[in-house]
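Note sheet for the following structure.
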Amino acid sequence: MASQTQDPALTRLADPTVADTDRSRRRRQQHYRWRELRPALLFLSPWLVGFTVFTAWPVLYSGYLSLTDYDVLTDAQWIGLDNYERMLEDPKVRLSLWNTVVYTVIQVPAYVAVSLGLALLLNRAKRASGFFRTVFFLPNMTPPVATGVLLLLLFNGQNGLVNTVLGWVGIEGPNWTTDPDWIKPGLVMMSLLSVGGSVIILLAALRNVPQELHDAARVDGAGSWRRTWHVTVPMISGALFFVFIVNTIAALQSFTEAYTAFFGVGNTTYSNDAALFYVIHLFRQAFESLNMGYASAMAWVLFVVIMVITAIQVTVSRRFVFYEGDQR
């Protein structure tokens, strides 16, 4: 009778043959998983090695350097938080940070608005859309250094092309490269030449908006503007958010165009205090003054600022960004 009432599971566990079979099955499963993982790791290994050597290690090492006095020529001397305290007293840090914030506040909304406007126009185009996509994207192929030189040619206060065109309609253009109030707007306008990449991203999002939604809104009496604002924009809000957050990060790290135009070798013609962005000041501290420890501290502060701003943007986006499949 005892044998008839015994739990089959206990009988199975008590049988050494069954236990060996289960262990063998588990070993085979682990072996198969490892065989599938090895090719993936093999293909990923170049990126993993490159990321570790050229990104992760330099970032961690710069954190150590930020706590030292290091000028490249001599050994690093540990000074703790002195570099961060020095930043609080450095007027150039405050000036460069303010310039960067002002530039970002102006540039990012303008960049996103122009990108969206061009994408909407391209979405209406039919046969010519391919040609105009190429035209809008071509300026992205221009090296940033060339863009900085082009800025001086286009926005020269005396004989630049922009002021010449404004003169044709009776408008006296400002001194874009010498007037501190117009330096950042000029840089913003130059940055709008590179909207091509964002235009392509937004155009792809626009092409994926279901036509049925537009038809339904049209039947309900919605005009073109209302359909764009209440149907199109919400449906591409994910792409808009991507463009917004990526361009915010890029604007906070602006360097090449402004440095080429206003801080190039032997440049004594143009006013540059209004163009002293944070990364430019960081670069000059590192490679002109050889204050590598101080520059590393500045880099870590910028990293924290970007992380905080990005976290705020992601948090706020949960209320405004719609993704397909959301149940709200």
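Note that the numbering used here has the sequence shown beginning at 98, numbered continuously upward. Heads up, the beta-carbon is just placed ideally off N, CA and C, and yes, glycines get one too.
* **Nearest to ILE377 (by Cα), restricted to the options ARG120, PHE352, ARG416 and LEU387** => Nearest option by C-alpha distance: PHE352.
* Kindly list the residues whose CB is nearer than 6 Å to the CB of SER295, restricted to its own chain and excluding five residues on each side of it in sequence; keep chain order. => Closer than 6 Å at Cβ, skipping near neighbours: SER212 and VAL340.
* Asked: Anyone know if the C-beta pair for GLU354 and LEU263 falls short of 8 Å?
  -> Not in contact: GLU354 and LEU263 (Cβ atoms no closer than 8 Å).
* Who are the near neighbours of ILE403 in its chain, counting only those whose CB is closer than 7 Å to its CB and skipping five residues on each side? -> For ILE403, where only same-chain residues beyond five positions count, the Cβ hits under 7 Å are ILE346 and LEU349.
* **alpha helix (DSSP H) segments (min. 4 residues) lying fully within the region 135-163** => Along the length of the region 135-163, whole alpha helix (DSSP H) runs at least 4 residues long occupy 154-162, reported in chain order.
* Can you tell me whether DSSP reads ASP187 as helix, strand or coil? -> In the structure shown, ASP187 falls within a coil segment according to DSSP collapsed to helix, strand and coil.
* To do: Just the C-alpha distance for ARG123 and ASN344, rounded to the nearest angstrom, thanks.
  => A direct Cα-Cα distance of roughly 49 Å separates ARG123 from ASN344.
* Stretch-stretch touch, CB-based, cutoff 8 Å, three pairs: the region 145-164 with the region 390-402 -> These segments touch.
* Can the beta-carbon of LEU248 be found less than 8 Å from the beta-carbon of ALA358? -> In this structure, the beta-carbon distance from LEU248 to ALA358 falls below 8 Å.
* Contact set for LEU215: own chain, Cβ-Cβ below 7 Å, skip 5 residues either direction -> Hits under 7 Å: PHE233, VAL292 and VAL296.
* Asked: Going by beta carbon distance, what residues of the same chain come within less than 7 Å of TYR375, once the five residues before and after it are set aside?
  -> Counting only Cβ-Cβ distances below 7 Å, and skipping sequence neighbours, we find SER193, LEU194, THR197 and LEU399.
* To do: On a CA-only basis, which of GLY390, ALA314 and ASN220 is nearest ALA302? Give me that one, please.
  => Ranking the options by Cα distance to ALA302, first place goes to ASN220.
* Asked: In angstroms, rounded to a whole number, what distance separates the CA positions of PHE417 and LEU235?
  -> Cα-Cα distance, rounded: 32 Å.
* Could you spell out where the alpha helix (DSSP H) holding GLU269 opens and where it closes? => Where GLU269 is concerned, there is no enclosing alpha helix (DSSP H), given that its DSSP letter is neither H nor E.
* Asked: What residue from TYR356, VAL405 and MET184 has the CA that sits closest to ARG381's CA?
  -> Between ARG381 and the set TYR356, VAL405 and MET184, the nearest pair of CA atoms involves TYR356.
* Three-state class that DSSP yields for GLN204 in the structure shown -> Of the three classes helix, strand and coil, the one that applies to GLN204 here is helix, per DSSP.
* In chain order, what residues of the same chain lie with their CB nearer than 6 Å to the CB of TYR181, ignoring the 5 residues before and after it? -> Here TYR181 has ALA394 as same chain residues with Cβ atoms under 6 Å from its own Cβ, once five neighbours each way along the sequence are excluded.
* Asked: Which same chain residues, not among the five before or five after MET98, have their C-beta less than 6 Å away from its C-beta?
  -> Because MET98 carries a pLDDT of 44, less than 50, the predicted location of this residue cannot be relied on, and the following value inherits that uncertainty. Taken in chain order, the list of residues that qualify is empty.
* Asked: Leaving out five residues before and five after PRO241 in sequence, what residues of the same chain have Cβ atoms less than 6 Å from its Cβ?
  -> Here the set comprises THR353 and GLU354.
* Give the straight-line distance between the Cα atoms of ASP172 and LEU387, rounded to the nearest whole angstrom. => The C-alpha of ASP172 lies about 13 Å from the C-alpha of LEU387.
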